[in-house]
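A.B. asks: I have a structure I would like to understand better, so I am pasting it below and will then ask my questions one at a time.
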Amino acid sequence: MRPRSDARQALLADIRSHGHARLVDVVERTGLEYGKARQLLADSVRAGDLTYTLQRAAHALRPVAVYEPAVELEEMAGDCSAAALELAACWR
16 MRPRSDARQA LLADIRSHGH ARLVDVVERT GLEYGKARQL LADSVRAGDL TYTLQRAAHA
76 LRPVAVYEPA VELEEMAGDC SAAALELAAC WR
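Position 84 of the sequence shown, counting from 1, maps to 99 under the working numbering, and the rest follow consecutively.
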């Protein structure tokens with residue numbers, strides 16, 4: 016596995032701090048060139064660091080990709096366990 020570049024680490028840190036981002040948000044906040052930001056986002060999705068969903072914006076002709084940090088399965092299991100405990104407490 017290759018080490019992450021400084022630009023990619025900055026991109027991932029930006030998305031993690033904001034929770035999600037579109038390509039234009041990343042370009043504005045990080046100062047990366049459009050093509051470089053697009054490539055880093057694609058590489059991060061392929062590496063499993065980010066996920067994306069397509070959302071239709073009112074002003075857009077096509078759906079826009081919204082990138083989010085990938086969630087580890089262990090984190091999800093912990094969240095589910097906590098939710099199950101809360102639900103069980105409600106039934107008592």
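Just so it is clear, CB atoms sit at the ideal spot from N, CA and C, and this is done for glycine as well.
Using the C-alpha atoms, what's the distance from LEU26 back to ALA52?
C.D. replies: Within the sequence shown, numbered from 1, the residue matching residue 52 stands at position 37. Within the sequence shown, numbered from 1, the residue matching residue 26 stands at position 11. Using only the alpha carbons, I get a separation of about 8 Å.
A.B. asks: Identify whether ALA28 lies in helix, strand or coil by the three-state DSSP scheme.
C.D. replies: Within the sequence shown, residue 28 is the residue found at index 13, counting from 1. Helix, per DSSP.
A.B. asks: Tell me whether the beta-carbon of ILE30 lies closer than 8 Å to the beta-carbon of PRO78.
C.D. replies: Position 15 of the sequence shown holds residue 30. Position 63 of the sequence shown holds residue 78. Not a contact, by the Cβ cut-off of 8 Å.
A.B. asks: Within 7 Å: the Cβ of LEU47 and any heavy atom of the ligand FAD?
C.D. replies: As far as ligands go, the structure on display features none, and thus does not contain the ligand FAD.
A.B. asks: For a test of the three-state rule: what should DSSP assign to LEU38, helix, strand or coil?
C.D. replies: Position 23 of the sequence shown, counted from the start, is the residue given in the question as residue 38. Correct three-state label for LEU38: helix.
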